[in-house]
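J.:
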Amino acid sequence: MRRFENVCVNYDTWLASEHRDEWLPDTTIRFGAAPVSKRLNQWLGSTTQVVIEQLGSFRDPSSMATVVYGDARDYLREIDSTYDEVYHARLESFERVTEAAKGGLTGESALTRHLLQTSIERLFVSNSMPIRDVDTTLSAGRRIDVLANRGANGIDGILSSALGACYDTEHAALLVGDLAFYHDSNALQLLKTHPGTFSVVVVNNNGGGIFSFLPQASIEPQLFEDLFGTPLELNIHGFADTYGLSYRLVEEPEAVQEAIEAGVQLIEFPSDRAANVTAHREWTALLCDRLTLENGT
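Read in order, the letters of the sequence shown are residues 128 to 424 in this note's numbering.
Right under this line is the structure:
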């Protein structure tokens, strides 16, 4: 959907606002599977939901929707084509303000934003922070294929999956954290046989970055590191030497663009988990304050 203009793509960001319940629609109509955004699912849980489904399918994990079976095209003819112009304008305002704020992203999010602005045709994304940063930074109208594993395959086999999924692509990349990279690092041997240009961008925050955003981050620091942070102290450059790959360390987010366009095979971006949490929360808080001012709420 993000290939198209005039699509709301920043909902997970502006739904962080404390005023989100004031922006609820009366009814939502969903075609297909439930959204993966926790904030969006919680928000829509307070509305009347209609799900258009094919007979025999029931993709409503919340069990809160009215399910209508049949051809979506038939149902669309029954929908009232009029809409609330004020409400629509408000959503457009949310999207416009959020897009403008993306220039203030720093660290890992900024790296992802610059990576998405390169000439790559397809981006394979690892779970945890990489996929969340893509969701935050990918704008409407950007024509790029984004692929990812889910569930039990969230961390295992990421490099192999990416190389297979991008084998028919002239210019592609993988965005991955150091933990998932390590779990499938022997697949780097296959990178040299890729027929096109393929870059592995490793966000090296020395552990599992997503856990610093979750409730377990409040436990005793050393216990958290042992159980959730799991730092590996990887020498990413050493992997490049082992497999005979070109390597570049990029310490500024915008530098990833030149490295990608140059076809560097293994790109490392060092990051700090605690600083990343702070940067995310500060940026989101500033954005929500701006939305409040713009909308008079």
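Glycine included, each C-beta is placed from N, C-alpha and C at the ideal position.
Mapping DSSP to helix, strand and coil, what is G268?
T.: Along the sequence shown, read from residue 1 onward, the residue named residue 268 stands at position 141. Coil at G268, not helix or strand.
J.: Taking the CB atoms as reference points, tell me whether T174 and L151 lie closer together than 7 Å.
T.: Along the sequence shown, read from residue 1 onward, the residue named residue 174 stands at position 47. Along the sequence shown, read from residue 1 onward, the residue named residue 151 stands at position 24. In this structure, L151 lies closer than 7 Å to T174 by Cβ.
J.: Could you check if Q392 is buried or exposed, using at least 16 other CB atoms within 10 Å of its CB as the buried criterion?
T.: Here residue 392 refers to the residue found at position 265 when the sequence shown is read from its first residue. So Q392 counts as buried.
J.: Buried or exposed, going by whether 16 or more other CB atoms sit within 10 Å of the CB of V134?
T.: As a position in the sequence shown, residue 134 is number 7, starting the count at 1. By the neighbour-count rule (16 or more Cβ atoms within 10 Å), V134 is not buried but exposed.
J.: E385: buried (16+ other C-beta within 10 angstroms of its C-beta) or exposed?
T.: Walking along the sequence shown from the start, residue 385 turns up at place 258. So E385 counts as exposed.
J.: Go through its chain and collect everything with a Cβ distance to Q343's Cβ below 8 Å, but skip five positions before and after it.
T.: Numbered from its first residue, the sequence shown carries residue 343 at position 216. Closer than 8 Å at Cβ, skipping near neighbours: F351, L354 and F355.
J.: Give me, in chain order, the residues of the same chain whose beta-carbon lies closer than 7 Å to that of E381; leave out the 5 immediate sequence neighbours on both sides.
T.: Reading the sequence shown from its first residue, position 254 is the one you call residue 381. Same-chain partners within the cutoff: H241.
J.: State the DSSP-derived secondary structure class of R375, mapped to helix, strand or coil.
T.: The residue you call residue 375 lines up with position 248 of the sequence shown. R375: strand per DSSP, three-state reduction.
J.: One question on the structure: do D311 and S287 come within less than 7 Å of each other, judged by their Cβ atoms?
T.: The residue given as residue 311 occupies position 184 in the sequence shown. The residue given as residue 287 occupies position 160 in the sequence shown. Cβ atoms of D311 and S287: closer than 7 Å.
J.: For A307, collect the residues of the same chain with a Cβ closer than 6 Å to its Cβ; drop the 5 residues on either side in sequence, then sort them by chain order.
T.: As a first step, residue 307 is located in the sequence shown; it is residue number 180 there, counting from the start. Cβ neighbours of A307 beyond the five flanking positions: S253, I282 and I285.
J.: Determine the direct distance from the alpha carbon of W170 to that of T154, and round the result to whole angstroms.
T.: The residue labelled residue 154 in the question sits at position 27 within the sequence shown. The residue labelled residue 170 in the question sits at position 43 within the sequence shown. Between T154 and W170, the C-alpha separation is close to 12 Å.
J.: Anyone know if the C-beta pair for N137 and E222 falls short of 7 Å?
T.: Start at 1 with the first residue of the sequence shown, and residue 137 comes out as number 10. Start at 1 with the first residue of the sequence shown, and residue 222 comes out as number 95. Closer than 7 Å, so yes.
J.: If you check the beta carbons only, do D305 and L250 fall under 7 Å apart?
T.: Numbered from its first residue, the sequence shown carries residue 305 at position 178. Numbered from its first residue, the sequence shown carries residue 250 at position 123. No, the pair does not count as a contact, with Cβ atoms beyond the cut-off.
J.: With burial defined as no fewer than 16 other Cβ atoms inside 10 Å of the residue's Cβ, what is the status of T296: buried or exposed?
T.: Residue 296 sits at position 169 when you count from the first residue of the sequence shown. Its Cβ being crowded by 16 or more others within 10 Å, T296 is buried.
J.: Measuring only the C-alpha atoms, how far is I387 from I271?
T.: Sequence index remark: in the sequence shown, residue 387 carries index 260 (1-based). Sequence index remark: in the sequence shown, residue 271 carries index 144 (1-based). Each residue's alpha carbon lies about 15 Å from the other.
J.: Helix, strand or coil: which one does DSSP assign to F338?
T.: As a position in the sequence shown, residue 338 is number 211, starting the count at 1. Here F338 sits in helix by DSSP.
J.: Is it true that the CB of E219 sits closer than 7 Å to the CB of D260?
T.: Taking the sequence shown and counting its residues from 1, the one referred to as residue 260 is at position 133. Taking the sequence shown and counting its residues from 1, the one referred to as residue 219 is at position 92. Cβ distance not < 7 Å, so D260 and E219 don't count as in contact.
J.: Using only CA atoms, which one of R186, N276, A314 and A402 lies nearest to V327?
T.: The residue you call residue 327 lines up with position 200 of the sequence shown. Nearest of R186, N276, A314 and A402 to V327, Cα basis: A314.
J.: Can you look up R277 in the DSSP assignment and give me helix, strand or coil?
T.: Residue mapping note: residue 277 aligns to position 150 of the sequence shown, counting from 1. DSSP places R277 in coil when its eight states are reduced to three.
J.: Would you mind listing the alpha helix (DSSP H) stretches within the region 184-228 that are 4+ residues and don't spill past its ends, in chain order?
T.: Listed in chain order, they are 199-203 and 212-228.
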